[in-house]
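S.K.: Chains A and L are the protein sequences, given in the same order. Sequential numbering of the first sequence, starting at 3, is according to our numbering. Sequential numbering of the second sequence, starting at 3, is according to our numbering. Here it is, the structure in full.
There are 2 protein chains.
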Amino acid sequence: MLDSLFRPKSAAVIGASTKELSIGNRVIRNLVDFGFKGPIYPINPKADEVRGIKAYKSILDCPDNIDVVHMVIPARFVPQAVDDCGTKGVKNIIINSGGFAESGPEGEAIQNDFMERARKYGIRILGPNCQGIINTDPEIRAYCNFTFTKPDPGFISIVALSGGVAEVIHQEFALMGVGTRIYASNGNACDITIPEIIRYLGSDDGTRAIVLYVEGLRDPETFMKVVSEVAARKPVLAMKAGRTEEGAKAASSHTGGLAKEDLATDLIFEKAGVLTFRDEGELCQAAAAFATQPIPQGNRIGIITNTGGPAVIATDVFVDAGLSIPPLPAPMKASLKEKLYPEASVNNPIDILATGNAAHYRACMDAMMDDDQFDCIYVNFVTPFFVDTDSIAKEIVAVNKAQNKPIICNLMTDKNQWTETVKILKEGGVPCFSLPGAAARAMSAMARYHTIRTRDIGEPTIFDDVDKAQARLIIDQAKAAGTENLSAADVYTILSAYKISVAEWRIANNVDEAIEAAKQIGMPVVVKADDERIEHKSDQGAVAVNLRNAPAVRNAVEEMSSRLEIQDMRFFIQRYLPGGKELIVGAKAEEGLGHLIMFGMGGIYVEILKDVVFKLTPVTPLEAEEMLSSIKSAAILQGARGANGIYQEGVIDTILRLSQLLNDLPEIQELDLNPIIAYEDQAFVVDARIRI
Amino acid sequence: MLDSLFRPKSAAVIGASTKELSIGNRVIRNLVDFGFKGPIYPINPKADEVRGIKAYKSILDCPDNIDVVHMVIPARFVPQAVDDCGTKGVKNIIINSGGFAESGPEGEAIQNDFMERARKYGIRILGPNCQGIINTDPEIRAYCNFTFTKPDPGFISIVALSGGVAEVIHQEFALMGVGTRIYASNGNACDITIPEIIRYLGSDDGTRAIVLYVEGLRDPETFMKVVSEVAARKPVLAMKAGRTEEGAKAASSHTGGLAKEDLATDLIFEKAGVLTFRDEGELCQAAAAFATQPIPQGNRIGIITNTGGPAVIATDVFVDAGLSIPPLPAPMKASLKEKLYPEASVNNPIDILATGNAAHYRACMDAMMDDDQFDCIYVNFVTPFFVDTDSIAKEIVAVNKAQNKPIICNLMTDKNQWTETVKILKEGGVPCFSLPGAAARAMSAMARYHTIRTRDIGEPTIFDDVDKAQARLIIDQAKAAGTENLSAADVYTILSAYKISVAEWRIANNVDEAIEAAKQIGMPVVVKADDERIEHKSDQGAVAVNLRNAPAVRNAVEEMSSRLEIQDMRFFIQRYLPGGKELIVGAKAEEGLGHLIMFGMGGIYVEILKDVVFKLTPVTPLEAEEMLSSIKSAAILQGARGANGIYQEGVIDTILRLSQLLNDLPEIQELDLNPIIAYEDQAFVVDARIRI
C-alpha cells in the first residue's frame, strides 16, 4: 500500500539547500507553505538550519521515523543515500533529481544500482526525474513537490506522466475553481507505477474521480487489470498524447519511458471503461463536472437559457455527442406557459428571455428535475443588469443541492462586476463555464460515462467442442522445427480443431491423391501448392481456381510440380466458392495484452476505405456483434439495396472461436482469415495464414 | 456608408430613463462610462435630466444634428418616433426594443410600418430587437449598446447575430487580453444587414480581422459577393451554429430570422474564403493570434519547449491540422547543440529543458526565424521558479517585435505569482494561451488561413461550343406547358446541346422506328418508354436492357405498348453500356445562390457510405478536380489494386459543362446524371432526369 507515501506523517529532504532558488530549498518551502501536518527534516551536511528549520547532517541523525524522503542530489550520490535511508527504515523516497535512465546508459546503471538497494530494504521509489506528490487532505497537507501551483482541496486526483501537463491541468483547475485531492507524477517510474497509483486512488475515499495523462502504457496487462477494477467504481478520465506518429516521436524524445503510438491504448481504455479525451482542456472541464455532480442516469438533456445563441451552440454540441434533447411533455409545457413570460419559448431549449427572473429559472429546473424524461440539466445564464442575478444564482444552487440530477451552468458574465453572483454559484458547488460549447461538452462527458458504466459487454463464450490438444501439438511441433509460417495443412487443421467454418479441404501428395480429394470434396475445386517456401502463392502461380473436372486437376498439379521444382511438394485441395461477399478477420499479438482482432469487408473496403474495426481479445458475443455493426459498410452485411445480407451469426461464431483459439495459443503472432466468403446462410474461411 | 453609425458624432436616446435598472438609463451610462466623444441627448417627455445630462422633451428639440438615435420605447410608439427622427434629419436609429417581427404578425406589421417611414427619410435602422454597436476607436468611444462588457481597444471586429454569443466572445477576448475594434449585433436585421456591416469593416483600417457568428444566411447571394471581396483583404473568422437539425430548431425558435440547417452555408464560406470554426472557444483563441501576429507564409511549424508533455500534445494537434513539423536542418542542429544544455533534445520539438534560460530560448527562436524551412513558431513556456522567466519573456517579446513570422506562446504559469512575466508578454503583443492544444489550434488556424488565401480556384471554363438557344427553347416550352419533369428526349437534347457526353440515343414513335434507331445506334440497346406519366420506369417495367437484335427490340416495344396503355407513347432507344464504373453527378437549386453540384460513385458508395462531395456553381476546373480527388473512394477512380482507373478528364468536362448549363438555365430545380458509366477512356451519361 502507498499510504505512507500519500499520507506521510513525516518528511525529510536529502539535499536541502539554503539557496532560495534551488529545488532543495523549494521543497521545504512548499511543505511549510502548504501546511504539512508532520515534521520536516532538512538534511544538509553543512547547514544548521534551512528556512528556519533545524537541519541534520545525515538522514541517520533524524530523531523520528521518516515516511517520505526527497532526494535532490546529483545522481551519483543517490545509491549511497538510498542505503542510508534503508538503514534508517525510511518507507518511501521521491527522487526529484534527473540524470538516470532518461539521460543514457550511465544514468541507467545508476538507476539499476539504487533500485537494487531499495528493494533490499523494501523502500518504495517514486521517480526518479519526477515532481513528486501532493495531498490536499486537511489532515495531511503534503506538498512533496517542487512546483508552484497550490491546489485547493477537492475531489479529483491527478496522475500524470508529464509534470508539465500536470501543471497545465492544475492551472486549468485553478481557473475553474476545481480542487485537487491527490496528485502524483512518477517520472521515469522505475518502481512505483501508474497502475499502482491508480489502485491507491481507487481505494481513497476522498477521490471522486481520477484524471490521467499518459503518452503510452508500459505494462498494459497490469494497467488493464487495475484500471478495469477502479473504473467500475469511480470515473477515470484519461488522455493519451503522442497519438500521431510525430507526437509519439516528440514523446519518446522527452522521457526515459517507452511511449509508443498504438491503437492498443485506445482499445485498452475502451475495454477498461476509461472515459477518454483528445483535448486536455475538455478533460479538465469534464473533471469540473465530475467534481461536484452526480452521474446522470441517461443521456436526455433539458436546456434552459435566457439568451438564444448560446443555447443553439450547446444544442449542436449535444447532438454531436449523441445526447437526446426530448421535447417538453405537454403538461410541463402547459404549466410553464403559465409561469413564464408570454414571449418565452417553451420548447427544449426553454428560452425564458433575458428578462426572465429567478422564479422562471426555478420553475423550469423543478419541472425538469421532477420529470422522468430528463436525465440532466444544462443552464445558460447571461447576467443582464436589469434582473436580480443573485436570486437566480441562489435558485440554481438550491436545486443543485438536492444532487438529484446533474446540473451544468454556462455563466456568461463579467466576473469582476457580478462578483456576488459568481460567488453564490461557486460556493454552491455549481460547475460554471464561460463557453456554451465547453459546458455542453462537460455534460456530454458525464452522459458518456453513464453509457460506459452501464454497458455490460458480457463474458467471452467458452466453446467446449474444440480440440485444444491437437492445435497445441501443431504449434509445439512448428516451434520445435523453427517454422514461422505454418503450412496450409497445419493452419486448416488448427482452424478445424476450433470448429471454425472453413471451405472443405484435403491434402494430396501427388496427382492421383489430388484427383481423389477433388472428387471427395466435389467439383469445382481450388488447388494450391502447399509449401512454406512459397511465400506469395498467387504471384508464383501456385494457385489454380475453379477446376471443374479431373483432367483440370491433373493438369494443374502436374504443371505446378514441374514449374515450381520443390521436392516432396504437397497440394492443398479445397472447395471452390464463387460469389458471396469477401470478409477479413485478422489478429495480431500485443505484448502483455493478448491479441488485437480486426474485422472488415475485403477488397476496396479494407484497402481503400480503411473500413475496419478492432477489439482486444478476449472478445465477448456483444463485442463481436459490435464489430459487425460498427463498420461503415455494415448495411451491406445486413442486406442493403434489395440485396441479401450475409450469415452474420456464422461470422460472429468465427470471431468468438478465433478469440478462444488465440487465448489458447498465445504464440500466434499474426493470423489472417482472408478472405472469409460469406453467403446468406453460410460463411467459410477460404484462405488463412498463421505466423508464430 | 455606415460611417455615421459606427463613427457617430452625436447620440440621442429616445426612451431615456431616470430608472437605474432600465435599458434607457444604461445606454446613457454606457456612453458616458466609455467616454463617448460626442454630445449625448436623453429624450424624455417628463424628466429635465437623466444621469445628470440635460434631457429634451422631443428629438425635435435637440440643438444638434444627430448621427445615432437609440430607441428604447414600446414597439407601438416606434413608427411615430421614426417620423420625428426623419423630420429632425437623424441618420441612424438603433432600435433596442423588442416586440416586432420576432413576436408575431402584429409586431411584424409595426416593423413594416416603421421601415416604410425610415426609407422615406433615408434613415438606416439597426435592429430592432438588437444590442447595438460599440466602437473602441479613441476618437469615437461609442458604446451604443446596453450590455456590460467594456472591451479594450483592439484590432478585431465582431459581428454577431446573437447578442448572447457576442457577450461570450467579448468575455473570452477579455480573459485573453484581446481587444475589440468594432462590434455590431443587428437583431431582426430589418434594414442594415450582416453583409453591409462586413463590407464596412472591410474598409475600416483599424480592423485587422473580422469575427462573425451566424445561425444561417438570409441573403446568401449578397453575402457571398461581399464577403469574398472582404476575405481577400483581411481574415474573416466565422462560426455558424444551428448545424444540427436540433440546433437549427433551437435557432429558429429564438429569432425572427430564417436560420436554416444547410450544407450551402459551409460551401459559401468555403467559396468566399472564410475561415470557419465549429467551436466558439477555438474561434476566439484564433482571433487572439490574428490580432497581433502576421499571417504565416506556409504551414511548417517549429516547436520550442521547456517541458515535454505539452509539446507532445501540441504536436498531435498540429499533425491533425495538417501542419508539417520539419526536422531541424543539420547546421541548425549542430549550432544549437553548442548553445543549449547537453541534455537538451535538439529535434523538432526542441526541448531546452526546464532549466533552459533566456539565451537558450533566444537561440532557438532566432534559428527558426532565420531559416526558410520554418513558417511559424510555437513556444511552450512553463515558468519554473529557478529560472529567470522575465528574461525569457523579454526575449520572446524581442523576437515577436520583428513581426517576421508568427509566434504563439503557450504560457504555463500561475498568473498571480508570475505577474511580471505575464505583463511583459502581454504588453509585448505575444498571444499567450494556457493550454497547449488551444495554442496549437490557434496557430493552425493561421496556417489554414494562409492556405485559403493563397488558394486560387481559378475561373470557370466558358464553353462556346454549346447551343444555349436550343436548351432555352426546351425549358421555355416546358414551362409554358406546365411540365415539371422533362421527358427523356428533352433531357438528352439539353445535355447534347451542352455537349455533355451521353450514350447515343434516338427517339422512336413506333416499333419500326425503334428497330431502325437500334440499328443506327448499334446493338445491344436499351429501350425505355418515354412519357412523363411514368414516374419510376424500372418499377413499372418501362425499361428493357441489353437487347441484342431486332426481334428483341420489337418484342420489348410491343410488350410495353400493350401493357402500359399510354396513348401516343414514345420510346427512347439508347446504346447499352455494360461494365464500367457507375458515377453520379447531381445538382440542386439553392435560392439566390445558383446550384449545389454533387459528385460521387454510384450504388453503395452513395447510398451506404455517403461518399459524396458538393460544390457551389459556378465550378472551376480546379474545383471539379477536387471533387473527384476528395471522395474517400478517389483511389478507385485513379485505378487501385491493379484495376484500371476511369476517364477523369471526361467526368471533369461533364461537371464543368453542367455548371455552365445550370448557370444558363436557372429554372432547373433538380438534375441528376445517374448513372454516368465511366471507362478507362470514355464516360457516358446513361440516365438523366431534370426537374424545373
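Every residue, glycine too, gets a C-beta built ideally from N, C-alpha and C.
Please go through the stretch 83-170 of chain A and give each complete alpha helix (DSSP H) segment of 4 or more residues, from N-terminal end onward.
M.R.: 107-123
S.K.: When you compare the stretch 492-507 of chain L with the stretch 307-323 of chain L, are there three or more beta-carbon pairs, one atom per stretch, that lie closer than 8 Å?
M.R.: no
S.K.: Considering only the beta carbon of each residue, do D154 of chain A and I184 of chain A sit closer than 8 Å?
M.R.: no
S.K.: If we require 3 or more residues per run, which beta strand (DSSP E) segments fall completely within the stretch 216-293 of chain A?
M.R.: 238-242 and 277-279
S.K.: Kindly give me the distance between the Cβ atoms of V84 of chain L and R119 of chain L, rounded to whole angstroms, as I take these residues to be in contact under 8 Å.
M.R.: 5 Å
S.K.: If the cut is a Cβ gap below 9 Å, which residues of chain L does M73 of chain A touch?
M.R.: Going along chain L, no residue has its Cβ under 9 Å from M73 of chain A, so there is no contact; the nearest lies around 17 Å.
S.K.: Quick one, which of A:G156, A:F157 and A:G166 has its alpha-carbon nearest N147 of chain A's?
M.R.: A:G166
S.K.: Against chain L, with Cβ distances strictly below 8 Å, would E345 of chain A count as a contact?
M.R.: Yes, E345 of chain A counts as interfacial toward chain L.
S.K.: Rounded to the nearest angstrom, what separates I536 of chain A and P526 of chain A at their Cα positions?
M.R.: 24 Å
S.K.: How is M73 of chain A classed by DSSP in three states: helix, strand or coil?
M.R.: strand
S.K.: Quick check: N32 of chain L and G129 of chain L, are their CB atoms within less than 8 Å of each other?
M.R.: no
S.K.: Could you spell out the range, first to last residue, of the beta strand (DSSP E) harbouring Y380 of chain A?
M.R.: C378 to V384
S.K.: Can a CB atom of chain A be found closer than 8 Å to the CB of Y380 of chain L?
M.R.: no
S.K.: So what does DSSP say about C192 of chain L, is it helix, strand or coil?
M.R.: coil
S.K.: Does the stretch 288-307 of chain A come close enough to the stretch 236-244 of chain A that 3 or more CB-CB pairs lie under 8 Å?
M.R.: yes
S.K.: Between the C-alpha atoms of I200 of chain A and S6 of chain A, what's the straight-line distance to the nearest angstrom?
M.R.: I200 of chain A and S6 of chain A have their C-alpha atoms spaced approximately 15 Å apart.
S.K.: Answer with buried or exposed for E263 of chain A, where buried requires no fewer than 16 other C-beta atoms within 10 angstroms of its C-beta.
M.R.: Any answer about E263 of chain A is weak, because its pLDDT of 43 lies below 50 and its placement is not dependable; what the coordinates show is given next. Label assigned to E263 of chain A: buried.
S.K.: Tell me the DSSP bridge mates of R28 of chain L?
M.R.: R28 of chain L is not bridged to any residue.
S.K.: I need the straight-line Cα distance from P76 of chain A to Q113 of chain A, nearest angstrom please.
M.R.: Distance between the alpha carbons of P76 of chain A and Q113 of chain A: 12 Å.
S.K.: Does any residue of chain L have a CB that is nearer than 8 Å to the CB of E248 of chain A?
M.R.: yes
S.K.: Go ahead and pull the three-state DSSP assignment for E592 of chain A.
M.R.: Here E592 of chain A sits in strand by DSSP.
S.K.: Please classify L566 of chain A: does DSSP put it in a helix, a strand, or coil?
M.R.: helix
S.K.: From K428 of chain A to K417 of chain A, what distance separates their C-alpha atoms?
M.R.: 12 Å
S.K.: Taking S24 of chain A as the reference, which of A:L630, A:T385 and A:T149 has the closest Cα?
M.R.: A:T149
S.K.: Sorted by chain position, which residues of the same chain lie with C-beta nearer than 6 Å to G259 of chain L's C-beta, five sequence neighbours on each side aside?
M.R.: Any reading at G259 of chain L must be qualified, since the residue scores a pLDDT of 42, below 50, and its modelled position is unreliable; no value is offered.
S.K.: Run through chain L and tell me which residues come within less than 8 Å of M414 of chain A, C-beta to C-beta.
M.R.: G166, E169, V170 and Q173
S.K.: If you compare alpha carbons, which of L:N676, L:T622, L:N646 and L:G604 is closest to K634 of chain L?
M.R.: Checked all of L:N676, L:T622, L:N646 and L:G604; the closest Cα to K634 of chain L is L:G604.
S.K.: Report yes if the CB atom of L330 of chain A is closer than 8 Å to the CB atom of H362 of chain A, and no otherwise.
M.R.: Cβ distance not < 8 Å, so L330 of chain A and H362 of chain A don't count as in contact.
S.K.: Take T294 of chain A as the anchor and find which of A:T224, A:G204, A:N349 and A:N402 has the nearest alpha-carbon.
M.R.: Ranking the options by Cα distance to T294 of chain A, first place goes to A:N402.
S.K.: Anything in chain A within Cβ reach of D281 of chain L, meaning under 7 Å, just list it in chain order.
M.R.: G439
S.K.: Let me make sure I understand the geometry here. Which of A:Q173, A:M448, A:G594 and A:A440 has the alpha-carbon closest to that of T385 of chain L?
M.R.: A:Q173
S.K.: Would A252 of chain L count as contacting chain A if we go by Cβ distances under 8 Å?
M.R.: yes
S.K.: Secondary structure at T182 of chain L, three-state DSSP: helix, strand or coil?
M.R.: strand
S.K.: Taking only beta carbons into account, state which residues of the stretch 313-327 of chain A come closer than 8 Å to chain L, listed in chain order.
M.R.: The residues in question are A313, V314, I315, T317, D318, F320, V321, D322 and I327.
S.K.: Do N382 of chain L and N359 of chain L have their CB atoms nearer than 8 Å?
M.R.: no
S.K.: Between A636 of chain L and the ligand NAD, is there a pair consisting of the residue's CB and a ligand heavy atom that are separated by less than 7 Å?
M.R.: With respect to the ligand NAD, the structure shown offers nothing to examine, as it has no ligands at all.
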